[in-house]
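Only one structure is covered here, and it is reproduced in the block below.
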Amino acid sequence: MLPPSSQRLLHSLQRWAPLALLLLVGLAIAIATVVTVYNHTATMGFPLDDSYIYLTYAKQFGRAEPFSYFPGGGYSAGSTSVIWPMLMAPFWTLGARGHALVWVSYGLCTALMLATVATVFAIVRRYAASTSGAVLSCVALLAIAPFSFTSLSGMEVALASWLLVTIIWLLGQQPSDEGPRWSLLACLAAAALSRPEASLLTFGVVVIAALQRLRRRRWRAAAWWAAALVPLVLWLTANKLLAGNLFPNTGVAKSHFYLPGFSWNYWFDVLHTGRIEMRRALFEGADSPLPWPSYFEITWLVGAAAIAVWAYREKRWLTGLVMIVTPIGFSLAIIASSGLWNFQNYRYIAPAFAVLVVPLGFAVGAVERCNARFVPKAAWLATVVAATLSVVIAYQAVPRLKHSARFFAQGVTDTNTQVVTIGEYIHEHLPDAKIMFHDAGAIAYYGDGSVFDMLGLVTNYQAGIANNGAGARFEFLESLPEAQRPTHFAYYPGWLGTTDFYGATVLSTPLMAQFAMARLAGAVDMQIIEARWGQHLSAEVPFTPHPGWRMVDRVDVADMASERAHQWQGALGARRFGNPSARWSFVARQASAPTADGQLGLPYVDGGRTIRDGRETFALKVASTSATTLVLRSGGPLTQPYHVAADRAVEISVHDATTGTVVATGVVPPPDDTFMETTFVLPAGVTHITVTANAPYRVFHWFALQPADK
8 MLPPSSQRLL HSLQRWAPLA LLLLVGLAIA IATVVTVYNH TATMGFPLDD
58 SYIYLTYAKQ FGRAEPFSYF PGGGYSAGST SVIWPMLMAP FWTLGARGHA
108 LVWVSYGLCT ALMLATVATV FAIVRRYAAS TSGAVLSCVA LLAIAPFSFT
158 SLSGMEVALA SWLLVTIIWL LGQQPSDEGP RWSLLACLAA AALSRPEASL
208 LTFGVVVIAA LQRLRRRRWR AAAWWAAALV PLVLWLTANK LLAGNLFPNT
258 GVAKSHFYLP GFSWNYWFDV LHTGRIEMRR ALFEGADSPL PWPSYFEITW
308 LVGAAAIAVW AYREKRWLTG LVMIVTPIGF SLAIIASSGL WNFQNYRYIA
358 PAFAVLVVPL GFAVGAVERC NARFVPKAAW LATVVAATLS VVIAYQAVPR
408 LKHSARFFAQ GVTDTNTQVV TIGEYIHEHL PDAKIMFHDA GAIAYYGDGS
458 VFDMLGLVTN YQAGIANNGA GARFEFLESL PEAQRPTHFA YYPGWLGTTD
508 FYGATVLSTP LMAQFAMARL AGAVDMQIIE ARWGQHLSAE VPFTPHPGWR
558 MVDRVDVADM ASERAHQWQG ALGARRFGNP SARWSFVARQ ASAPTADGQL
608 GLPYVDGGRT IRDGRETFAL KVASTSATTL VLRSGGPLTQ PYHVAADRAV
658 EISVHDATTG TVVATGVVPP PDDTFMETTF VLPAGVTHIT VTANAPYRVF
708 HWFALQPADK
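Reading the sequence shown from the start, the letters are residues 8 to 717 in the working numbering.
Written out as structure tokens, the structure reads:
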């Protein structure tokens, strides 16, 4: 018989050896990913440019300029996770500058991924009373290749995953009538700042827990639960006051509700189809990231039932609810907000994977208890089955994890080739440049200068313009005051939708040959391009002379500021999921008259829209005592990508929106690659306009003219 000390050591080994082995496997995945990266590129990095957005915010926190994106840049609501860059900021302050912060971020990601595995193990072993179930849950988690990919990618995924499972762990030990313990309070508050979807979880947990205490008249305890929402409220308030929107700019850039053409019919359709597609992809598709997806779903349902029984037995209703509902609610929140549930290798729903595997362990624990009760001599059967499944899942996961590591390395190679190279070039050769870009991460982090994000992820009030397409982007750039104009673009040249502001190409970064089955880069060659102004003529006055009349107002369609100022609304057609921004506006140009020496002059350029459903409304700022000549500029290209053909004459009726009376009519000819202007004479007093048409038509401007002597 072993001495007591040896028995204790053996017991500890038996207790902790499975977890230690699992953590070694997770560490091996992280190391293998690094090795794979170095097999293809000389410098470690991240596969997603958004990871460098967090590094940039961390750098600014470290400089004591929190929530700004470059020195002197002011408040920026571009950090989807508030707390993630805060965790890295002290390392920058202590000397982890430049590329060193990449390694800090990767190390934190690795540690948090391993902490997530350890917490899942602890939840299942303690609450399901099954070590073999805990092993199966953790093996399944590590076998989900997108989980390790996204956890190690420098994003907030590992942090959000760990906070979600830690909340479950702490809820299971929370006294029923008391306020939250400090550890739980801190995790709830941090989770609310880790991702917008996690903030919904925090809100739900806090509301349910607070209501339970209020029912028992535990006022103080309820108030402490509500305290977990204070950081979230402060963050949302700051966003609204300083950036114009409650949630981060990414919510404006990608959320259904801010996109052109949004309607509730569209939203309900996306919810319905997205839910079906997500379930099919996760549990039925051959490319599902889950191990044995069909059996995974069945086992999950058994485990969810076991969790419900445990919650009833232990009176832990809230804990059981969070374990079951979190992965479902998290995923549905993604569909409801943006629909991008499979975006960039399941990046947005990846934190839900950590909770999704927990019921697997509960299913094993339930089978073990059934064995012990009904088949005592075969009590070990469930353990053997769980161990066998763990081995098989691990064996099947190896090829997928290898593929995932190559995919990771492909992404790193591409970001190093393009955005990292551009950022370093700007820092070395263009330190005083004002850069306008669409990939906001590495260029800003390494460039470390004044930047403007055309997509609006880190630049406030810009996402709506970007979402409205090339015409809106053109009009915005055209209206910029000279002091605010960028000196350079860092762009895939075709992404701006117009080349009218491009000068010479300073740097090209063509991608190298592809070695993984897929890549995340948006296009082959990102470039630094000089910004050049004055390459086109203004199209902001009528081309057709109107003697005796002067322009008193104009509605510049596709110019978002002008549209807002005139309460303009146009029937642009129904939205479909995945519609590109190019569907909502475009840029057209027309050659000007030749100069005296026969040379072609600069072109006229204007941004416009297609009114697909034949209706506009707007308000004019004109004197109500005078008649108004209303000039419609239409025309442009006969066909335009992503726009319906406007290939026939269109009958236009102009209504007084106040009375509904038709006050003028006209016919707009079909486009012929030139701008055309149609005139409507309105009686005095008509200032609010409704326009109807019998077919789709193009519109660039509405000009309001009144007698020059008035």
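Glycine is no exception: its CB is placed at the ideal position from the N, C-alpha and C atoms.
Taking DSSP as the reference, what is the three-state secondary structure of residue i?
{"i": "Met93", "result": "helix"}
{"i": "Glu304", "result": "helix"}
{"i": "Ala7", "result": "With the chain running from 8 to 717 in the structure shown, residue 7 is simply not present."}
{"i": "Ala217", "result": "helix"}
{"i": "Tyr704", "result": "strand"}
{"i": "Phe687", "result": "strand"}
{"i": "Asp532", "result": "strand"}
{"i": "Thr631", "result": "Per the sequence shown, residue 631 should be read as Ser rather than Thr. Of the three classes helix, strand and coil, the one that applies to Ser631 here is coil, per DSSP."}
{"i": "Arg590", "result": "helix"}
{"i": "Arg622", "result": "strand"}
{"i": "Ala370", "result": "helix"}
{"i": "Ile356", "result": "coil"}
Please list the terminal residues of the continuous alpha helix (DSSP H) segment that includes residue i.
{"i": "Val109", "result": "107-134"}
{"i": "Thr551", "result": "Taken as a continuous stretch (DSSP letters only), Thr551 belongs to no alpha helix (DSSP H), as it is neither H nor E."}
{"i": "Trp709", "result": "Looking at the DSSP string, Trp709 is not in any alpha helix (DSSP H); the run it does join, the beta strand (DSSP E), is 708-714."}
{"i": "Thr428", "result": "428-436"}
{"i": "Val513", "result": "First-last for Val513: 509-517, but that is the beta strand (DSSP E), not the alpha helix (DSSP H)."}
{"i": "Val237", "result": "237-250"}
{"i": "Ala343", "result": "324-344"}
{"i": "Arg227", "result": "226-234"}
Exposed or buried, residue i, counting other C-beta atoms within 10 Å across all chains shown (16 or more means buried)?
{"i": "Ser344", "result": "buried"}
{"i": "Leu101", "result": "exposed"}
{"i": "Val356", "result": "As written in the sequence, residue 356 is Ile, which differs from the Val given in the question. Its Cβ being crowded by 16 or more others within 10 Å, Ile356 is buried."}
{"i": "Ala546", "result": "buried"}
{"i": "Glu485", "result": "buried"}
{"i": "Thr672", "result": "exposed"}
{"i": "His436", "result": "exposed"}
{"i": "Asn474", "result": "buried"}
{"i": "Val405", "result": "exposed"}
{"i": "Phe264", "result": "exposed"}
{"i": "Cys116", "result": "buried"}
Could you compute how far the alpha carbon of residue i sits from the alpha carbon of residue j?
{"i": "Thr306", "j": "Pro366", "result": "8 Å"}
{"i": "Arg582", "j": "Thr126", "result": "43 Å"}
{"i": "Arg705", "j": "Phe496", "result": "29 Å"}
{"i": "Asp57", "j": "Ala511", "result": "28 Å"}
{"i": "Ala523", "j": "Gln403", "result": "19 Å"}
{"i": "Arg655", "j": "Pro549", "result": "23 Å"}
{"i": "Thr422", "j": "Phe53", "result": "7 Å"}
{"i": "Ala578", "j": "Ala477", "result": "18 Å"}
{"i": "Val669", "j": "Ser660", "result": "6 Å"}
{"i": "Thr63", "j": "Leu689", "result": "54 Å"}
{"i": "Ala196", "j": "Leu121", "result": "22 Å"}
{"i": "Val426", "j": "Ala373", "result": "51 Å"}
{"i": "Leu308", "j": "Tyr113", "result": "35 Å"}
{"i": "Thr333", "j": "Leu518", "result": "40 Å"}
{"i": "Tyr611", "j": "Leu544", "result": "5 Å"}
{"i": "Tyr649", "j": "Ala35", "result": "47 Å"}
{"i": "Asp680", "j": "Gly69", "result": "54 Å"}
{"i": "Phe415", "j": "Ala572", "result": "46 Å"}
{"i": "Arg104", "j": "Ser155", "result": "26 Å"}
{"i": "Phe350", "j": "Gln597", "result": "39 Å"}
{"i": "His553", "j": "Tyr61", "result": "55 Å"}
{"i": "Tyr7", "j": "Lys409", "result": "The question about residue 7 has no answer, for the chain in this structure spans 8 to 717."}
{"i": "Thr551", "j": "Glu684", "result": "7 Å"}
{"i": "Ser397", "j": "Leu26", "result": "13 Å"}
{"i": "Trp176", "j": "Thr138", "result": "16 Å"}
{"i": "Gly642", "j": "Tyr273", "result": "30 Å"}
Please report the residue range of the beta strand (DSSP E) in which residue i lies.
{"i": "Gly673", "result": "669-675"}
{"i": "Ile618", "result": "611-618"}
{"i": "Met567", "result": "Counting along the chain, Met567 falls outside any beta strand (DSSP E), though it belongs to the alpha helix (DSSP H) covering 567-572."}
{"i": "Ala497", "result": "495-498"}
Please determine whether the Cβ atom of residue i lies at a distance below 7 Å from any heavy atom of the ligand NAD.
{"i": "Asn423", "result": "Ligands are entirely absent from the displayed structure, and the ligand NAD is therefore not among its contents."}
In chain order, which continuous runs of the alpha helix (DSSP H) of length 4 or greater are located wholly inside the stretch 134-166? 138-150, 152-158
Give the list of continuous alpha helix (DSSP H) stretches no shorter than 4 residues that lie fully inside the stretch 254-317. DSSP runs (the alpha helix (DSSP H)) wholly in the stretch 254-317: 256-261, 271-290.
Whole alpha helix (DSSP H) elements within the stretch 377-422, 4-residue minimum: Along the length of the stretch 377-422, whole alpha helix (DSSP H) runs at least 4 residues long occupy 388-422, reported in chain order.
Runs of alpha helix (DSSP H) lying entirely within the stretch 179-205, each at least 4 residues, in chain order: 189-199
Going along the chain, which unbroken runs of the beta strand (DSSP E) with 3 or more residues stay wholly within the stretch 438-488? 442-444, 458-460
I'd like the ranges of any alpha helix (DSSP H) spanning at least 4 consecutive residues and lying wholly in the stretch 12-81. 57-69
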